[in-house]
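First up is the structure itself, then whatever we jot down about it.
Residue numbers (our numbering), protein chains in the order written: chain R, 1 to 284; chain U, 1 to 342.
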């Protein structure tokens, strides 16, 4: 068994980074690139950066890392509130107050890299962390013959992001939009479920997903049925981003050794996550 | 050279800047990012006798110039604190450690204090008196399930947590009272703790009272060595967290710049009524804020949720404070309450 259990370095940096590019990639969606060598060198797929967006916000905002290239770090986000609105107004040459890299990323493993394949499923801006993961998987397993399958889902064509980026990496991309403006009409979870009918599910080594809570929960039902290992990247409002304030917890199952009772423990999305084994999560 | 050293409740501090309870937990996470020894002292997250799972998500909401938290006093309990958390802090820190504690009643406060009194390396106890008083109230009808740590009914109450969504307000019973909303109980708790420990005792009070000076004077008369003013303000806001599907509000404690003017007024009033020193906290976000706290009567100050945004705020505040003292040609001790003395 070939397992690339990535050791997450314990270093966290607080940087005033220079923005090298910011572009609206689709209406309301932005790609921001900033220079942060310390973060770029150690960041792993699934990790995030915690950014102070500007006056008028009190807390930082977490963003998944979508790509690292030499000294540059890239994030992809949608303008959803005051923080992202302020962020979208920043321009090349402005500085960015960044904390990172934070959290635990995806654990990448392939049992039989020749015949088996992981599947990536992204909803909306969930593409960010999975784009980084796809790059990593492809460079890690160059001998890998089966192409990486990526399911992308969103409300409309405008909300489907990074299709070309995945294609350039050699991924097989399957699309779903709720309004049918591109690809399968309906939810990406349905598209994925349908694909399992024709696809031999035993050949899927791992599923990695990032997106809305309802989507992740629905995939958890499917993967449980087919017994496929499944990792999710969760989102949460965060305060410290380090695990200290305990503000962003998620309920996870915990088997008590002494009483054999099923208990739960709260884990922090920022430090214990944002990536979790889905079977640990108590879906609500 | 400007001297920032001071003394609070018999604890010698190299500078008057503390970190408030609940902000850095037990120091493990923040010590990877900043040098905690820049502070004059640190206050731990509140420790209770038994472990507490805390409240369900969402626990935090950003508000205008602040945030609401409803952590629910999540902590590993006294035993784990002594076995794992305190040794780490003692190893890592060269500055005084203030341990924040909470309990449901005076007896339990005394039990925790008795145990901590035997430990080396603790400089003071801070009594988190912003927990619901369950002595005179029936247990709440709809208490949240706390599967991994069943019984305690306290709601919350750290630097962040004042009164939690599950504990602070109950539609059937009205507002549940907190220890420091009741002068008699405040007196009883402080008195009992003082009896069992030689450690300096700091009483941290809730601002959710009609007249905080009444409670402050009571704590002083019971023997409190200092006051921490104040805990968070009872509040509610609607979250927009991806983890929630409903739009039900979060009840919790409000912190941040939004509360600062109210806190300053409370310290201003209390300073004129008590002799024990005041550690001021609530909305400090800049050197200017810090100076204002001293002007109205704080002898030391504590940094709260603003640290989440700016991990280098401690240095900025200390540098700003030094510059101010130098320019004004005034000592730190003279600065305290100088607005009133003039």
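Virtual Cβ for every residue (Gly too), placed ideally from N, Cα, C.
4-residue-minimum alpha helix (DSSP H) runs that sit fully inside the region 159–200 of chain R, ordered along the chain: If we require 4 residues or more, the alpha helix (DSSP H) runs fully inside the region 159–200 of chain R come out as 163–168 and 188–198.
CB contact below 8 Å: residue 312 of chain U versus chain R: Within the second chain, numbered from 1, the residue matching residue 312 of chain U stands at position 312. Flagged as an interface residue toward chain R: residue 312 of chain U, by a C-beta distance shorter than 8 Å.
What residues in its chain sit with their C-beta under 7 Å from that of residue 79 of chain U, if we drop five residues either side in the sequence? For the purposes of this step, residue 79 of chain U is identified with residue 79 of the second chain, where counting begins at 1. The answer is none, since no qualifying residue turns up.
Counting only C-beta atoms, is residue 339 of chain U closer than 8 Å to chain R at any point? The residue given as residue 339 of chain U occupies position 339 in the second chain. No, residue 339 of chain U does not count as interfacial toward chain R.
Return the first residue and the last residue of the alpha helix (DSSP H) that residue 224 of chain R is part of. Residue 224 of chain R sits at position 224 when you count from the first residue of the first chain. From DSSP, the alpha helix (DSSP H) with residue 224 of chain R extends over 213–226.
Does the region 179–188 of chain R come into contact with the region 150–159 of chain R, if we say contact requires no fewer than three beta-carbon pairs (one atom in each stretch) closer than 8 Å? Yes, the region 179–188 of chain R touches the region 150–159 of chain R.
Are residue 67 of chain U and residue 255 of chain U close, meaning C-beta to C-beta below 8 Å? Here residue 67 of chain U corresponds to residue number 67 of the second chain, with the count starting at 1. Here residue 255 of chain U corresponds to residue number 255 of the second chain, with the count starting at 1. Closer than 8 Å, so yes.
Counting Cβ pairs, one atom from each stretch, are 3 or more of them under 8 Å apart for the region 93–108 of chain R and the region 15–25 of chain R? yes
Just to confirm, are residue 349 of chain U and residue 298 of chain U a CB contact at a threshold of 8 Å? Nothing about residue 349 of chain U can be read from this structure; chain U reaches only from 1 to 342.
On the criterion of 16 or more Cβ atoms from any shown chain inside 10 Å, does residue 212 of chain U qualify as buried, or is it exposed? Here the question's residue 212 of chain U lines up with position 212 in the second chain. It counts as buried.
Would a C-beta distance cut-off of 8 Å place residue 244 of chain R and residue 25 of chain U closer than the cut-off? Start at 1 with the first residue of the first chain, and residue 244 of chain R comes out as number 244. Start at 1 with the first residue of the second chain, and residue 25 of chain U comes out as number 25. A contact, by the Cβ cut-off of 8 Å.
Quick one: what does DSSP say residue 20 of chain R is sitting in, helix, strand or coil? Here residue 20 of chain R is taken as the residue at index 20 of the first chain, counted from 1. Correct three-state label for residue 20 of chain R: strand.
Three or more beta-carbon pairs under 8 Å between the region 308–320 of chain U and the region 67–87 of chain R, yes or no? no
Environment of residue 77 of chain R [buried if 16+ CB atoms lie within 10 Å]: Numbered from its first residue, the first chain carries residue 77 of chain R at position 77. Residue 77 of chain R should be labelled buried.
Which residues in the same chain as residue 105 of chain R place their Cβ atom closer than 6 Å to its Cβ, once the five residues preceding and following it in sequence are excluded? What you label residue 105 of chain R is simply residue 105 of the first chain in a count that begins at 1. The residues are 44, 45, 46, 47 and 275.
Quick one: Cα of residue 175 of chain R to Cα of residue 182 of chain R, how far? Numbered from its first residue, the first chain carries residue 175 of chain R at position 175. Numbered from its first residue, the first chain carries residue 182 of chain R at position 182. Looking at the two C-alpha atoms, the distance is approximately 7 Å.
Top-ranked residue by Cα proximity to residue 341 of chain U, from U:308, U:304, U:325 and U:294: Stepping through the second chain from its first residue, residue 341 of chain U is reached at position 341. The shortest Cα separation from residue 341 of chain U among U:308, U:304, U:325 and U:294 belongs to U:294.
Which residues in chain R have a C-beta closer than 7 Å to the C-beta of residue 66 of chain U? List them in chain order. Counting from one through the second chain, the residue named residue 66 of chain U turns up at place 66. Within chain R, the residues near residue 66 of chain U are 58.
Who pairs with residue 31 of chain R in a beta bridge, going by DSSP? For the purposes of this step, residue 31 of chain R is identified with residue 31 of the first chain, where counting begins at 1. In the DSSP output, where bridge partners are listed per residue, residue 31 of chain R has R:23 and R:76.
Contact belief for residue 51 of chain U with residue 77 of chain U at Cβ below 8 Å, rounded distance in angstroms: Position 51 of the second chain, counted from the start, is the residue given in the question as residue 51 of chain U. Position 77 of the second chain, counted from the start, is the residue given in the question as residue 77 of chain U. Yes, residue 51 of chain U and residue 77 of chain U are in contact; Cβ-Cβ is about 4 Å, under 8 Å.
Give, in chain order, every residue of the region 28–51 of chain U whose Cβ lies closer than 9 Å to some Cβ of chain R. 28, 29, 30, 32, 33, 34 and 45
Nearest-angstrom Cβ-Cβ length linking residue 235 of chain U and residue 16 of chain U, presumed shorter than 8 Å: As a working note, residue 235 of chain U is residue 235 in the second chain. As a working note, residue 16 of chain U is residue 16 in the second chain. At roughly 28 Å, the Cβ-Cβ gap does not stay under 8 Å, so residue 235 of chain U and residue 16 of chain U are not in contact.
What residues from chain R crowd round residue 308 of chain U, counting only those whose CB sits closer than 8 Å? Along the second chain, read from residue 1 onward, the residue named residue 308 of chain U stands at position 308. Under the 8 Å cutoff, chain R gives 59, 60, 239, 240, 241 and 245.
Quick check on residue 272 of chain U: does DSSP put it in helix, strand or coil? Taking the second chain and counting its residues from 1, one reaches residue 272 of chain U at position 272. Residue 272 of chain U falls in the coil class under three-state DSSP.
Integer-rounded CB distance, given that residue 186 of chain U should sit under 8 Å from residue 237 of chain U: Looking up residue 237 of chain U in the second chain gives position 237. Looking up residue 186 of chain U in the second chain gives position 186. So it is not a contact: roughly 28 Å between Cβ atoms.
Under 8 Å between beta-carbons, which chain U residues line up against residue 271 of chain R? List them in chain order, please. Counted from its first residue, the first chain places residue 271 of chain R at position 271. Going along chain U in sequence order, the residues near residue 271 of chain R (Cβ under 8 Å) are 29.
Taking the CB atoms as reference points, tell me whether residue 127 of chain R and residue 36 of chain R lie closer together than 8 Å. On the first chain, position 127 is the one that residue 127 of chain R refers to. On the first chain, position 36 is the one that residue 36 of chain R refers to. Cβ distance not < 8 Å, so residue 127 of chain R and residue 36 of chain R don't count as in contact.
Just by C-beta distance, which residues in the region 41–56 of chain R are closer than 8 Å to chain U? 52
Could you tell me which chain R residues have their CB closer than 7 Å to the CB of residue 53 of chain U, listed as they occur along the chain? Within the second chain, residue 53 of chain U is the residue found at index 53, counting from 1. Within chain R, the residues near residue 53 of chain U are 266.
List the residues that DSSP assigns as beta-bridge partners of residue 277 of chain R. Within the first chain, residue 277 of chain R is the residue found at index 277, counting from 1. For residue 277 of chain R, which the question treats as bridged, DSSP gives the partners R:231.
Please report whether the beta-carbon of residue 327 of chain U lies at a distance below 8 Å from any beta-carbon of chain R. In the second chain, counting from the first residue as 1, residue 327 of chain U sits at position 327. Closer than 8 Å: no.
What are the partner residues of residue 343 of chain U, as DSSP defines its beta bridges? Any question about residue 343 of chain U goes unanswered here, given that chain U covers just 1 to 342.
For a test of the three-state rule: what should DSSP assign to residue 37 of chain U, helix, strand or coil? Working through the second chain from its first residue, we reach residue 37 of chain U at position 37. Looking at residue 37 of chain U - three-state DSSP - the assignment turns out to be helix.
Buried or exposed: where does residue 170 of chain R fall if 16 or more other Cβ atoms within 10 Å of its Cβ makes it buried? Residue numbering aside, residue 170 of chain R sits at position 170 when the first chain is read from its first letter. Per the 10 Å Cβ criterion, exposed.
Using a Cβ-Cβ distance under 8 Å, would residue 12 of chain R count as near chain U? To locate residue 12 of chain R, count along the first chain from 1; it is residue 12. Chain U contact via Cβ: present.
Check the C-beta distance from residue 226 of chain U over to residue 200 of chain U and give it rounded, since I have them as a contact under 8 Å. In the second chain, the residue the question calls residue 226 of chain U occupies position 226. In the second chain, the residue the question calls residue 200 of chain U occupies position 200. That pair is a contact at about 7 Å.
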